[in-house]
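Notes follow once the structure below has been shown.
Numbering (the UniProt record's numbering), first residue to last: 1 to 150.
Right under this line is the structure:
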């Protein structure tokens, strides 16, 4: 414990199921005065994932933006602040021509290996995610960087 001056995570933190435990582990490995910078995708305040719809596992793990500061404060971080990444959630959309080519190749490769098919988030490949096809992810999610000091 208390080994590092700085802890940085760029994009993987949102996939950790237990955010409180993850932030606690970051706190534990920082030296006194150490700092963290955690870039993560969050669910916007006053938004929620509709429990009547199916959501990709990654999205079900997103923390609500308005809960992050209190989690970090309770753990003991000081000067916690959240900075908007100021970029829309680009990258969730794949151009159609790439989708089709990639989907065909991935399906053939998967079938050749005898593995279960994997579906992309986009609804035309999987009925359970059809509602995501035209959804504005920037109206639901936000990429932020969480800063704090031990």
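For glycine and all other residues, C-beta sits at the position ideal for the given N, C-alpha and C. The model shown is predicted, which means the values in this text are computed figures rather than measured ones.
Evaluate contact between the stretch 58–67 and the stretch 2–20, counting only Cβ atoms and requiring at least three cross-stretch pairs below 8 angstroms. yes
Just checking my contact of residue 51 with residue 145 at CB under 8 angstroms: how many whole Å lie between their CB atoms? Rounded, the Cβ-Cβ distance is 29 angstroms, inconsistent with contact.
In terms of alpha-carbon separation, which member of 138, 142, 81 and 18 lies closest to residue 36? 81
I'd like to check one pair, residue 33 with residue 4: are the Cβ atoms closer than 8 angstroms? no
When 142, 149 and 68 are compared against residue 44, the one with the closest alpha-carbon: 142
Which whole runs of the beta strand (DSSP E) in the UniProt domain "Methyltransferase" (4–56) are 3 residues long or more, in chain order? 4–10 and 30–43
Short check: CB of residue 20 to CB of residue 71, under 8 angstroms? yes
Within the continuous beta strand (DSSP E) that includes residue 149, where are the two ends? 141–149
Give me the Cβ distance between residue 83 and residue 147, rounded to the nearest whole Å; I'm assuming they're in contact under 8 angstroms. 7 angstroms
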